[in-house]
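See structure below.
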Amino acid sequence: MNWLHPQCEAAITPQVTLCLLSSPSCSPPSFWHPFPVSCRLFGQGLVSECDYGRWYKQRRVMDLAFSRR
């Protein structure tokens, strides 16, 4: 346990990323939601998306863009 700074975790697979981002301990701070500036700043990307269906669709598009086939 490190009390000097928050811990950082790296997720490699989409399944682990989904589990981390959908867990209640990883929810964004409550002060982000009321301000429209934060929505424009962070947007709805792979990291900040809360809707799984939309996240999965974006992930599928990104997989095709970065595949080596």
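Each residue of the sequence shown is one higher than the last, beginning at 12 in the working numbering. Built from N, CA and C at the ideal position, the CB exists for glycine as well. Owing to the predicted nature of the structure, the values given are computational and were not obtained by experimental measurement.
Shown here, Asp62 sits in coil according to DSSP, grouped into three states, outside any helix or strand. Taking 8 Å as the cut-off, the Cβ atoms of Pro25 and Arg79 do not count as close. Taken through DSSP and simplified to helix, strand or coil, Ser33 comes out as helix.
In the structure shown, Arg70 adopts helical secondary structure according to DSSP, grouped into three states.
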